[in-house]
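Notes for the one structure printed next.
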Amino acid sequence: MKHACQQASRLASDSLDRQLSLWERLTFHIHLAMCRNCRNCDNNLKLIRSTSELIEKTRYGAIKLSDNQRERLHKSLEENTGQ
Amino acid sequence: MDRHDDPHAWLNKHGDYLYRYAMSRLHNEEQASDLLQETLLAGWKGYDKFTGQSTIRTWLVGILKHKIIDFIRREIRDRKLSEAVENDPTSVYFNENGSWSEAPNAWKDNPEELCQSEQFHTVLESCIDRLPEKQQLVFRMRDITGDDTDSVCKSCDITPTHLHVLLHRARLALRKCLEINWFGQGKHS
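Residue numbers (the working numbering), protein chains in the order written: chain F, 235 to 317; chain V, 764 to 952.
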């Protein structure tokens with residue numbers, strides 16, 4: 235297949251965002267079975283995704299409004315709603 | 764009387780959750796807090812539209828989500844971020860026959876270990892910062908924050924196909940950058 239690895243890298247990326255068609259899955263997996271480079275690339279992209287998600291979860295998991303922010307928000311709600 | 768349309772009670776009960784949602788997408792305390800305020804006010808004004816089919820929290824997240832999408836759309840418009848689909852920059856990683864010009868290595872690290880390494884965070888961030896702005900934006904929304912394709916397309920005003928093109932470019936560039944600056948330092952098998 236022409237441009238096989240470049241095309242496979244696109245399918246590796248797309249598979250993180252959408253369901254590949256039956257034909258795409260077939261050609262992708264046949265190519266991966268034969269091509270160690272593309273298997274590595276596929277795993278690399280998955281590792282980047284799962285690590286990025288985990289870092290984000292750790293970073294923002296415990297974040298909270300500060301007392302100051304909360305106070306300001308209550309005040310501006312009062313001004314805008316009369317409540 | 765038990766009041767269900769009290770924005771102060773919403774702020775006390777759901778404020779942290781909504782703020783976290785906004786912060787993870789905007790990465791800016793002031794903007795996140797502003798949009799939270801707008802959301803609570805919009806919820807208060809539009810409370811008669813709340814059907815009770817979902818929880819108040821889910822309903823408020825829905826409002827916030829739209830506000831974030833609008834905000835990002837404005838940002839993109841104001842900063843005139845655009846990127847042509849032509850001239851595929853991923854071609855630099857491949858030979859003319861479409862095979863890899865430099866073979867990707869197997870990376871042995873696992874997400875838990877990498878997540879704990881401050882040094883890795885720094886390398887990852889600097890690799891993301893080197894991407895063209897629109898690629899950075901879609902990569903952050905999709906792979907870091909985990910927004911669904913539909914929201915990313917709406918925020919950026921692009922088609923799903925265009926989004927896939929941008930993500931492919933971003934991910935291959937990041938892969939290369941991480942291979943050189945992290946996994947290439949004797950950290951691959």
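Positions of the beta carbon are idealized from the N, C-alpha and C atoms, including for glycine.
Could you tell me which residues DSSP puts in a beta bridge with residue i?
| i | result |
| --- | --- |
| residue 857 (chain V) | V:863 |
I need the straight-line Cα distance from residue i to residue j, nearest angstrom please.
| i | j | result |
| --- | --- | --- |
| residue 266 (chain F) | residue 282 (chain F) | 19 Å |
| residue 815 (chain V) | residue 830 (chain V) | 21 Å |
| residue 943 (chain V) | residue 890 (chain V) | 10 Å |
| residue 248 (chain F) | residue 931 (chain V) | 7 Å |
| residue 790 (chain V) | residue 780 (chain V) | 15 Å |
| residue 952 (chain V) | residue 238 (chain F) | Because the pLDDT of residue 952 (chain V) is 45, which lies under 50, any placement of that residue in the model is unreliable, and the question is left without a value. |
| residue 799 (chain V) | residue 827 (chain V) | 7 Å |
| residue 895 (chain V) | residue 845 (chain V) | 9 Å |
| residue 833 (chain V) | residue 842 (chain V) | 14 Å |
| residue 240 (chain F) | residue 793 (chain V) | 42 Å |
| residue 860 (chain V) | residue 920 (chain V) | 34 Å |
| residue 855 (chain V) | residue 864 (chain V) | 8 Å |
| residue 802 (chain V) | residue 782 (chain V) | 11 Å |
| residue 262 (chain F) | residue 251 (chain F) | 15 Å |
| residue 764 (chain V) | residue 886 (chain V) | Only weak support is given to the placement of residue 764 (chain V): the predicted model assigns it a pLDDT of 34, under 50, and the value that follows is read from those uncertain coordinates. Near 55 Å, if we compare the C-alpha coordinates of residue 886 (chain V) and residue 764 (chain V). |
| residue 956 (chain V) | residue 878 (chain V) | Because chain V in this structure spans residues 764 to 952, residue 956 (chain V) falls outside the shown range and cannot be described. |
| residue 300 (chain F) | residue 284 (chain F) | 30 Å |
| residue 795 (chain V) | residue 269 (chain F) | 45 Å |
| residue 276 (chain F) | residue 242 (chain F) | 9 Å |
| residue 809 (chain V) | residue 788 (chain V) | 24 Å |
| residue 909 (chain V) | residue 935 (chain V) | 18 Å |
| residue 288 (chain F) | residue 857 (chain V) | 30 Å |
Answer with buried or exposed for residue i, where buried requires no fewer than 16 other C-beta atoms within 10 angstroms of its C-beta.
| i | result |
| --- | --- |
| residue 821 (chain V) | exposed |
| residue 770 (chain V) | buried |
| residue 257 (chain F) | exposed |
| residue 244 (chain F) | buried |
| residue 904 (chain V) | buried |
| residue 892 (chain V) | exposed |
| residue 900 (chain V) | buried |
| residue 778 (chain V) | buried |
| residue 933 (chain V) | buried |
| residue 897 (chain V) | buried |
| residue 840 (chain V) | exposed |
Mind pulling the chain V residues with CB within less than 8 Å of residue i?
| i | result |
| --- | --- |
| residue 298 (chain F) | 779, 782 and 783 |
Using a C-beta to C-beta distance shorter than 7 Å, which residues of chain F count as neighbours of residue i?
| i | result |
| --- | --- |
| residue 947 (chain V) | Simply none; closest approach about 12 Å. |
| residue 867 (chain V) | 271, 274, 275 and 278 |
| residue 863 (chain V) | 239 and 271 |
| residue 820 (chain V) | Simply none; closest approach about 15 Å. |
| residue 874 (chain V) | 281, 284, 285 and 288 |
| residue 787 (chain V) | 290 and 294 |
| residue 935 (chain V) | 243 |
| residue 925 (chain V) | Ordered by position in chain F, no residue passes the 7 Å Cβ test against residue 925 (chain V), which lies about 12 Å from the chain. |
| residue 889 (chain V) | Within 7 Å Cβ-Cβ: nothing; residue 889 (chain V) doesn't reach chain F, min ~14 Å. |
| residue 877 (chain V) | 285 |
Along chain F, which residues have their Cβ under 8 Å away from the Cβ of residue i?
| i | result |
| --- | --- |
| residue 885 (chain V) | Residues of chain F passing the Cβ test: none, with the nearest at roughly 11 Å. |
| residue 769 (chain V) | 317 |
| residue 931 (chain V) | 243, 244, 247 and 248 |
| residue 940 (chain V) | Result: empty, since nearest Cβ-Cβ is about 10 Å, beyond 8 Å. |
| residue 823 (chain V) | In chain order: nothing, as chain F lies at least about 13 Å away. |
So residue i contacts chain F; which residues on that side make the cut at Cβ distance below 9 Å?
| i | result |
| --- | --- |
| residue 774 (chain V) | 299, 304, 307, 308 and 311 |
| residue 857 (chain V) | 237, 239, 240 and 243 |
| residue 853 (chain V) | 240, 243 and 244 |
Query - Within 9 Å of chain V by C-beta, residues of the stretch 248-270 of chain F in sequence order - result: 248, 250, 251, 252, 269 and 270
Query raised in the report: Using a Cβ cut-off of 9 Å, which residues of the stretch 278-292 of chain F contact any Cβ in chain V, in chain order?
Result: 278, 279, 281, 282, 283, 284, 285, 286, 287, 288, 289, 290, 291 and 292
Query raised in the report: Taking a cut of 9 Å between CB atoms, which residues from the stretch 798-816 of chain V lie near chain F?
Result: 799, 800, 803, 804, 807 and 808
**Report entry** Members of the stretch 895-920 of chain V near chain F, C-beta cut-off 8 Å
**Finding:** 905, 906, 907, 908, 909 and 912
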